[in-house]
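Take the sequence shown: its letters are residues 10 to 132, numbered as in our numbering. Yeah, the Cβ is synthetic: ideal placement off N, Cα and C, and Gly gets one too. One structure below.
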Amino acid sequence: MSTSGLGGNLFSSFHGSLSSPFRGENRAILGKAILPPTRSSKPLGLCPMMKNVNEGKGIFAPVVVFTRNIIGKKRFNQLRGKAIALHSQVITEFCKTIGADGKQRQGLIRLAKKNGEKLGFLA
């Protein structure tokens, strides 16, 4: 077999150049054909936050909501964050004591979060 292909002839259906086909007038026409993105009449809001499915439910929910309203949302979230961090440390120390691995520790922390939601601590 020869290096020039079958039958000795090279055949190509390509009859153009490799440069851009949009030059001069064609490029200007193409530029006009592409419209800028339109803006929606509805203003974009912030990303939706994850909500607790049990919000307002649970035995401790009324106390949590009352406390949040008294001390303010910012201070309340700081206090809640400290309490969650402390509880996670307690779970971690417990796992070290019984010899549980990281996956089991992570499972216990998730379980604590689920239970907190059901009880109304995350309301």
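Residue environment analysis places PHE130 among the buried positions, since at least 16 neighbouring C-beta atoms fall within 10 angstroms of its C-beta. Between the alpha carbons of ILE107 and LEU117 lies a distance of about 13 angstroms.
Excluding its 5 nearest sequence neighbours in each direction, VAL74 has C-beta neighbours in its own chain below 7 angstroms: ALA132, listed in chain order. In this structure, the CA atom of LYS112 is about 32 angstroms from the CA atom of LYS83.
In its chain, beyond the 5 residues on either side, LEU128, GLY129 have a beta carbon closer than 8 angstroms to the beta carbon of ILE68. Taking the Cα positions, GLY81 is about 12 angstroms away from ARG89.
In this model, GLN98 and LYS91 are separated by some 11 angstroms (Cα to Cα). Within the same chain, and ignoring the five residues on either side of ALA121 in sequence, the residues whose Cβ sits closer than 7 angstroms to its Cβ are HIS96, ILE100.
Taking the Cα positions, ASN86 is about 15 angstroms away from GLU126. Scanning its chain for C-beta atoms nearer than 6 angstroms, with the 5 sequence neighbours on each side dropped, one finds around ALA70 the residues GLY129, ALA132, in chain order. ASN78 and ARG114 have their C-alpha atoms spaced approximately 33 angstroms apart.
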